[in-house]
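Asker:
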Amino acid sequence: MTATSPTPVPDASAPSQAQCAEAIAGQALRDTAAPIALQRLHAADPFRWLLRGLHDMRAAPGIAVLYGVCFWGMAMLLGWVFRTRPEYTMSLASGCLLLGPFLAMGLYDTSRRHEAGQRPQLSESLTCWDSHMGSMGMLVLVLVVLELLWGRASLVVFAVFFNTGMPSTTGVLDAVFNPQNWSFVAVYAVVGGVFAALVFSTSVVSIPMILDRDTDALTAGITSVRAVLENTAVMLLWGALITAIVGLSLWFWGVPLLLAGPLLGHASWHAYRASVAPPGLSGIAPGLGGDRVGVPLP
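The numbering of the sequence shown is our numbering, which starts it at 1322 and goes up by one.
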């Protein structure tokens, strides 16, 4: 007589697939509804972001070269405008400051995939924005308004100090380096600095956050401003490093942007990861190198 194995009896205590799916969906909903926590940054973090950006470039050199050429093309356009219509230089510079982070979105996607252990693909970096059109569109609208106001303010400053007509390129250089025009240089720098700070504060975290979490533009923008306000000294250092690297690159006809552009793009992703806590964590303990280990607060 052949022995038959007993039919397994389902464990009533084991969750079904439907219950697991409900649990996952519920957790995702709680993570979405939970307030976004920020992380404490340290003065050395921006330099660590640059080192990690360099590591990402080495992992995907072909993608870095393509985006580097795009950044270099922007620099060439900026130089041409400065030589032909210098009064519009600040307007175009603000446009580049606006376009740069959106162009770097493909680099953010590359760093995100490399961080997750996936192989970055050029096609994916070029199309990573297509599933975030709504949020990106609203953020673009806000930044475009800031850019237009910046351009108008720059023209007003020129019109006030050069009421006999817009100066040529030589006239602009003479005005900048002439000690008698210190008031023009001071006002121009203050106006440009205010709008640059607004654009930087709004976009430094928001664009990678939309890519990573698909949040709405308002939440991403507010989180970005909060990150700057709560880590002002570190973010000022980060902004100064970006300005110095880009400025030094432009001094050499923009050629260093072939490498500096992708480097800053990848490093900006790590700046976001270091600034914003992972979903579902109400508190964060600081770690080394800009990355944090999540520790739920009591």
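All C-beta atoms in this analysis are idealised placements derived from N, C-alpha and C, irrespective of residue type, glycine included. Remember, predicted model here, so these are calculated numbers, not experimental data.
State the CB to CB distance for the pair Ser1446 and Gly1427, rounded to an integer number of angstroms; the pair is presumed to be in contact (CB under 8 Å).
Answerer: For the purposes of this step, residue 1446 is taken as residue 125 along the sequence shown, with counting starting at 1. For the purposes of this step, residue 1427 is taken as residue 106 along the sequence shown, with counting starting at 1. 4 Å between Cβ atoms; contact.
Asker: Between the stretch 1556-1575 and the stretch 1468-1479, are three or more C-beta pairs nearer than 8 Å?
Answerer: Touching, no.
Asker: Pull the bridge partners of Val1597 from the DSSP assignment, please.
Answerer: Numbered from its first residue, the sequence shown carries residue 1597 at position 276. Answer by DSSP bridge pairing, in chain order: Leu1359.
Asker: Buried or exposed: which applies to Thr1553, given that a residue is buried once 16 or more other Cβ atoms fall within 10 Å of its Cβ?
Answerer: Here residue 1553 refers to the residue found at position 232 of the sequence shown. It is exposed - the Cβ of Thr1553 has fewer than 16 other Cβ atoms within 10 Å.
Asker: Might you give, ordered along the chain, the residues of its own chain that have their beta carbon closer than 7 Å to the beta carbon of Ala1349, omitting 5 neighbours on each side?
Answerer: Within the sequence shown, the letter at position 28 stands for residue 1349. Because the pLDDT at Ala1349 is just 44, under 50, the model does not fix this residue reliably, and the value given afterwards should be weighed accordingly. If we look at Ala1349 and ignore the five residues flanking it on each side, it has no Cβ neighbours.
Asker: Compute the Euclidean distance between the alpha carbons of Ala1541 and Gly1582, then round it to the nearest angstrom.
Answerer: Within the sequence shown, numbered from 1, the residue matching residue 1541 stands at position 220. Within the sequence shown, numbered from 1, the residue matching residue 1582 stands at position 261. Between Ala1541 and Gly1582, the C-alpha separation is close to 23 Å.
Asker: Leaving out five residues before and five after Val1576 in sequence, what residues of the same chain have Cβ atoms less than 8 Å from its Cβ?
Answerer: What you label residue 1576 is simply residue 255 of the sequence shown in a count that begins at 1. Only Trp1393, Ser1570 meet the Cβ criterion.
Asker: For Pro1382, which option in Trp1370, Arg1440, Arg1404, Ala1396 has the closest C-alpha, if you only look at C-alpha atoms?
Answerer: Here residue 1382 corresponds to residue number 61 of the sequence shown, with the count starting at 1. Out of Trp1370, Arg1440, Arg1404, Ala1396, Arg1440 has the C-alpha closest to the C-alpha of Pro1382.
Asker: At the level of alpha carbons, what is the spacing between Met1556 and Val1525?
Answerer: For the purposes of this step, residue 1556 is taken as residue 235 along the sequence shown, with counting starting at 1. For the purposes of this step, residue 1525 is taken as residue 204 along the sequence shown, with counting starting at 1. Going from the Cα of Met1556 to the Cα of Val1525 covers about 9 Å.
Asker: Between the Cα of Ala1517 and those of Trp1471, Arg1547, Val1549, spot the shortest distance and give me the residue it belongs to.
Answerer: Here residue 1517 corresponds to residue number 196 of the sequence shown, with the count starting at 1. The option with the nearest alpha carbon to Ala1517 is Trp1471.
Asker: If the criterion is Cβ atoms closer than 8 Å, does the pair Leu1420 and Met1395 meet it?
Answerer: For this step, residue 1420 is matched to residue 99 along the sequence shown. For this step, residue 1395 is matched to residue 74 along the sequence shown. Their beta carbons are under 8 Å apart, which means Leu1420 touches Met1395 by this criterion.
Asker: DSSP three-state label for Arg1440, please.
Answerer: Here the question's residue 1440 lines up with position 119 in the sequence shown. It is coil, neither helix nor strand.
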